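Numbering (full-length UniProt numbering), first residue to last: 1 to 190.
What follows is the structure in structure tokens.
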């Protein structure tokens, strides 16, 4: 009878010990699982935060790039051409302007009679067609690469054209006066 009692006691003790050991093992397993889960969650959160930060940085970069591009556009018109001079024979017009600009010459009726380009030193020479030799007033502008047009500069061509002969001549009855028609401003010599 004593032997049976000891055997039962040992069996119970071992069983309880095994059960506690399993419980501890489960507890450790749960703890490890929770710890891993928390660590993964933190890592994901950090990764998301870095991704958001990179996205914000890209957005700022795009915004800066657009702003710089807009502010670089040329909207300032060049100054009017200067030092304008028509050659004595009326076939060319020279002057100074903005390097690379296109020079346009118009007559007093608005017709384009010559175009040219300002060289790298700021000088230009434009061929005129037809030649301007009768004191004509010419309008000269320059247009830069961005399409901005300068104010108009005026120049007067030299008058090297001989006037036509007087017409409708008539001597008075008493012979003291001569009348007729001619170019305005000219001097009549009899």
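C-beta atoms are modelled at their ideal positions from N, C-alpha and C, and glycine is treated no differently. Only a predicted model underlies this, so the values are computations on that prediction, with no experimental measurement involved.
Taking 8 Å as the cut-off, the beta carbon of residue 92 is found closer than this to the beta carbon of residue 125. Assignment of residue 74 by DSSP, reduced to helix, strand and coil, places it in the coil class. Taking the Cα of residue 159 as reference, the smallest distance to any Cα among 111, 134, 174, 90 is reached at 134.
Here residue 105 is actually not in contact with residue 97; their C-beta atoms are around 12 Å apart, not less than 8 Å. Nearest to residue 110 by C-alpha distance, out of 128, 139, 95, 86, is 139. Check the Cα spacing between residue 80 and each of 90, 161, 150, 101: the tightest is with 150. Collapsing the DSSP output to three states places residue 123 in a strand.
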